[in-house]
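Below: one structure, written as structure tokens.
Numbering (the working numbering), first residue to last: 2 to 312.
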């Protein structure tokens, strides 16, 4: 039995503003970017990545994000097929070619394609992929204004002894199942506990709890997010005490305020936890102060690197 070949669909070219990617030394529309199906980054989740954002035409903390990307690659014994200066140029080019003023920019290093007949990761040539797309928000306008509904998931976070979360990775199945549970329980986001009854993080965000005017954020089993780092710095500027330590599920339930931090959204208040209203049901004062200062600093050009746009 033979099968007739189906004709390839002819689709209109996507505008650059929908995203630009860098793959195999070429810049292509994001929707046309492809990776080899046998790249270990795809078939084994053998990859690391980082995400830097552009706001009003400026990268935020670009050097810090690139430093962290290199640290993650070192932890996985990977190297880029280009220099640091070339990587930064590629990041600029993806944004410039897209014309985006507010962008989500991801850089990914995969293990690459293994030589036929071997599973030895040392024999792979690591591959670089970069793309820029319109800025991504974890929470929509209404949720950022009024607050998120969150649960503590029953799904435990992968322990750091198994996969070090300080190396940004694609091991998201535990986080994904937490998202499903959140939706099943009429919430928007889920924070995952560890085996000792402490909270860790959720899908793409860190967590802060506020009690008696003091901030606490988990110290273990979490990705050390750049926005988390920024909040610690801004809290010090506002003379708000911050503790980086274990935060139990029971302590979280007694918090005066809870807020989340992420490159994809900045500061996001939580106003419901496990179906229960927090405080008066509105974003708390500390979350609001940090939110306002975070975006004020963006507008002032703090820790900013202007994108090199084409004339």
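Note that the Cβ used here is the ideal one computed from N, Cα and C, for glycine as well.
Three-state secondary structure (DSSP) of residue i
i, result
"residue 44", "helix"
"residue 299", "helix"
"residue 134", "strand"
"residue 184", "helix"
"residue 150", "strand"
"residue 22", "strand"
"residue 94", "helix"
"residue 70", "helix"
"residue 294", "helix"
"residue 101", "coil"
"residue 278", "strand"
"residue 196", "coil"
"residue 86", "helix"
"residue 117", "coil"
"residue 191", "strand"
CA nearest to the CA of residue i, picked from the options
i, options, result
"residue 1", "224, 292, 188 and 63", "As shown, the chain starts at 2 and ends at 312. That puts residue 1 outside it, with no answer to give."
"residue 143", "218, 271 and 84", "271"
"residue 1", "51, 127 and 158", "Absent from the structure is residue 1, since the part of the chain shown begins at 2 and ends at 312."
"residue 310", "298, 139 and 58", "58"
"residue 37", "52, 170 and 113", "113"
"residue 232", "117, 300, 294 and 275", "294"
"residue 210", "88, 249 and 176", "249"
"residue 32", "45, 41 and 18", "18"
"residue 269", "234, 85 and 147", "147"
"residue 150", "274, 308, 304 and 286", "274"
"residue 87", "242, 108 and 73", "108"
"residue 40", "287, 267, 110 and 189", "110"
"residue 120", "226, 44 and 213", "44"
"residue 235", "184, 297, 255 and 254", "297"
"residue 48", "65, 241, 56 and 78", "78"
Residues that residue i bridges to, as DSSP identifies them
i, result
"residue 51", "108"
"residue 307", "59"
"residue 27", "24"
Own chain, CB closer than 6 angstroms to residue i, minus 5 neighbours either side, in chain order
i, result
"residue 30", "15"
"residue 201", "158, 193, 195, 219, 222 and 223"
"residue 228", "262, 263 and 264"
"residue 76", "168"
"residue 154", "179, 182, 191 and 193"
"residue 186", "152"
Same chain, Cβ closer than 7 angstroms to residue i, neighbours up to 5 away in sequence not counted
i, result
"residue 136", "54, 103, 104 and 105"
"residue 116", "124"
"residue 205", "139, 263 and 265"
"residue 80", "74 and 127"
Contacts around residue i, its chain only, beta-carbon distance under 8 angstroms, and the 5 residues preceding and following it disregarded
i, result
"residue 28", "21, 22, 94, 95 and 98"
"residue 302", "59"
"residue 46", "170, 171 and 172"
"residue 238", "294"
"residue 85", "67 and 71"
"residue 199", "219, 221, 222, 247, 248, 249 and 250"
"residue 35", "24"
"residue 175", "156, 157, 158, 159 and 193"
Closer than 7 angstroms: residue i CB and nearest the ligand SAH heavy atom
i, result
"residue 37", "Looking at this structure, you won't find the ligand SAH or any other ligand, since it has none at all."
With a floor of 4 residues, list each alpha helix (DSSP H) that falls wholly inside the stretch 200 to 271, ordered by position along the chain. 227 to 238 and 250 to 254
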